[in-house]
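> Dropping the structure in here first, questions after.
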Amino acid sequence: MRTAVSVSALALAAVALTPVAASASMEPTPAPTVDNPVDAEGIGGLSVETVQYGSHKRQSMDVWWTPDGQQRPGIFLIHGGWWSSGDKKYMREITRSYAELGYTVFNLNYRLSGDAAWPAQRTDALAAIAAARKHADRYAFDANNYVLMGFSAGGHIAAAVGTYGDGIGGLKGVVGLSPIISPLRAYSDGEKSDNASKRKLRTAAIKLAGGCAPKGKCSRIWASMEVAWHASRNDAPMLTIHSENEFVPPVQSQLLKQMLGQVGVQVSVFTQPGTNHSSPLYREPGVAERVQAWIAARIG
C-alpha cells in the first residue's frame, strides 16, 4: 500500500494551570509494529510503512523515508478535523511532497475526541515522536533534528507539544496552518456567533474537554488545552499562518507570540487575505513555499 474567550472563562480555567501542566504525562511507548511492508517498487527512491505506535487502532503513522543510509531531518504531520474526525490519508500528497524534498516524514493518526478526551491527543503525538526517535536508524531519521506541522485542530496538537514541559528533545520548530491556539477563545467566540464554523468549533472544543464547559473541575482540563499558557524558555520556535477572515482568527496566534516572546522564543505569524482555512490555505500561492523555507532554515 502506498500512502504518500470571555474573561470569566479564562479566569476560571487559569486557577488550575500549574497542576495540569505538572500532572500531564506521556504513556509508556510500545515498540512500533509494521502493518504493511516496505514499498517494494521504490518509486522515487522512497520507502513507506504504516506503523502502530500504540495499541489503539488510531495510534498509527505512515512513515516515508529514503533508505540510503543517511540520517535525514524529520517532519511530523498532524491532520485536522475538529479533533473529532479526519485521517492521515488526507495528508498523503503533502507527505509525499516533503519526502521528495529529502525529509523523513511521519504522517500521524491519533485518538479522536470521541475516543478519548484531552490530553490523549497530545499524549499520542508525544508517543509517536518517541517511537520514531527510538527506531530512527530504520527510517534514516536524525532523531535530534525534526519539526512538527499541524493543520487546524492538528495545529493545536502540534503547538501543544511545542510548549509541553520545558522543551522536547530534538524538536526544532512547529508550523501551524490555521492552528487553534486557544480553545477558550474558540469557546467564547462561538457562543453567540452567526458563523456556523465558529459555533461548530465551540462545540468541538467542549467535546475535546470531555463534554464540559470551562468551569469548576473542568477548568483544569481547559487550562491544559491552552497552548500559550504553557510557554517556557526552551520551547520550540513557531510559524503560524491564518487567513485574515477565517473562523480561527490570527489573534489566536498573536496571543501565542506575546506569551512565548516573553520567555525569548520566536513566533512568526503571517496572514493571507480571504477566508481559507487549514489545507486550502496551505495550497494558496506562496504559502507552501514560505513553510518549506522556514522548515529548511530550522532543520536543513
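So the numbering used here is basically just the index in the sequence shown, starting at one, shifted up by 1189.
C-beta: ideal position from N, C-alpha, C; glycine also.
#1: Between the Cα of Ser1386 and the Cα atoms of Ser1341, Tyr1328, Ser1413, which residue gives the shortest distance?
#2: Measure the beta-carbon distance from Gly1405 to Asn1434 and round it to whole angstroms, keeping in mind my assumption that it falls under 8 Å.
#3: Quick check: the Cα distance between Ile1264 and Val1458, rounded to an integer number of angstroms?
#4: Do you know whose CA, among Ile1267, Gln1455, Val1454, lies nearest Ser1467's CA?
#5: Can you look up Leu1290 in the DSSP assignment and give me helix, strand or coil?
#6: For Pro1226, which residues in the same chain have their Cβ closer than 8 Å to its Cβ, ignoring the five residues on either side in sequence?
#7: Apart from the five residues on each side of it in sequence, which residues of its chain come closer than 7 Å, Cβ to Cβ, to Ala1394?
#8: Report all residues from its chain with a CB closer than 8 Å to the CB of Asp1304; omit the five preceding and five following residues, and keep chain order.
#9: Can you list, in chain order, the residues of its chain with a C-beta nearer than 8 Å to that of Leu1470? Leave out the 5 residues immediately preceding and following it.
#10: I need the straight-line Cα distance from Arg1505 to Gly1399, nearest angstrom please.
#11: For the beta strand (DSSP E) holding Pro1262, just list the boundary residues, first then last.
#12: In whole angstroms, give me the CA-to-CA distance for Arg1443 and Tyr1292.
#13: From Ile1484 to Asp1251, what does the alpha carbon distance come to, in whole angstroms?
#14: Any idea if Asp1313 is buried or exposed, counting beta-carbon neighbours within 10 angstroms, 16 or more meaning buried?
#15: Of the residues Ala1316, Pro1308, Tyr1299, Arg1327, which one's Cα is nearest the Cα of Asp1257?
#16: Can you tell me the Cα-Cα spacing of Trp1418 and Met1448, whole angstroms?
#17: Measuring CB to CB, does Ala1325 end up less than 7 Å from Ala1316?
#18: Which residues mark the beginning and the end of the beta strand (DSSP E) in which Val1363 is found?
#19: Would you please state the rounded distance, in angstroms, between the beta carbons of Ser1249 and Asn1298? I believe it to be under 8 Å.
#20: Can you tell me which of the three DSSP states Thr1392 falls into?
#21: May I ask which residues mark the beginning and end of the alpha helix (DSSP H) holding His1345?
#22: Starting from Leu1445, trace the alpha helix (DSSP H) both ways and give me its first and last residue.
#23: Does the separation of the CB atoms of Gln1310 and Ile1370 fall below 7 Å?
#24: What do you get for Glu1282, buried or exposed, if any count of 16 or more other CB atoms within 10 angstroms of its CB means buried?
#25: When you compare the CB positions of Leu1390 and Gly1379, do they come within less than 7 Å of one another, or not?
#26: Once you ignore the five residues that flank Asp1489 on each side, which residues in its own chain have a CB closer than 7 Å to its CB?
#27: Using only alpha-carbon positions, find the residue among Leu1290, Trp1254, Pro1308 that is nearest to Cys1407.
#28: Please confirm whether Gly1354 and Ala1425 have their CB atoms less than 7 Å apart.
#29: Can you name, in chain order, every residue of its own chain whose Cβ lies under 7 Å from the Cβ of Ala1213, other than the five neighbours on each side?
#30: How many Å lie between Ile1357 and Thr1392 at the Cα?
#31: Which whole-angstrom value is the C-beta distance of Gly1351 and Met1427, which I expect to be below 8 Å?
#32: Relative to the alpha-carbon of Thr1255, which residue among Asn1465, Trp1271, Phe1330, Pro1474 has its alpha-carbon at the smallest distance?
Taking the structure as given:
#1: Ser1341
#2: In fact, because the Cβ distance is near 35 Å, the residues do not count as touching under 8 Å.
#3: 20 Å
#4: Ile1267
#5: coil
#6: The predicted position of Pro1226 is uncertain, since its pLDDT is 41 and thus under 50; a value taken from the coordinates is nonetheless stated next. Excluding residues within five positions, the ones whose Cβ falls inside 8 Å are Glu1238.
#7: Pro1372, Ala1375, Tyr1376
#8: His1245, Arg1247
#9: Leu1366, Ser1367, Ile1430, His1431, Ser1432, Glu1435, Gln1461, Val1476
#10: The chain is shown from 1190 up to 1489; residue 1505 falls before or after that span and cannot be answered.
#11: 1261-1267
#12: In the sequence as displayed, the identity of residue 1443 is Gln instead of Arg. Cα-Cα distance, rounded: 29 Å.
#13: 20 Å
#14: buried
#15: Arg1327
#16: 7 Å
#17: no
#18: 1360-1366
#19: 5 Å
#20: helix
#21: 1342-1351
#22: 1440-1450
#23: no
#24: exposed
#25: yes
#26: Looking at the sequence provided, one finds Gly at residue 1489 rather than Asp. For Gly1489, where only same-chain residues beyond five positions count, the Cβ hits under 7 Å are Pro1262.
#27: Pro1308
#28: no
#29: Model confidence at Ala1213 stands at a pLDDT of 34, short of 50, so the residue's coordinates are unreliable; what they give is reported in the following sentence. The answer, listed in chain order, is Pro1308, Ser1413.
#30: 31 Å
#31: 6 Å
#32: Phe1330
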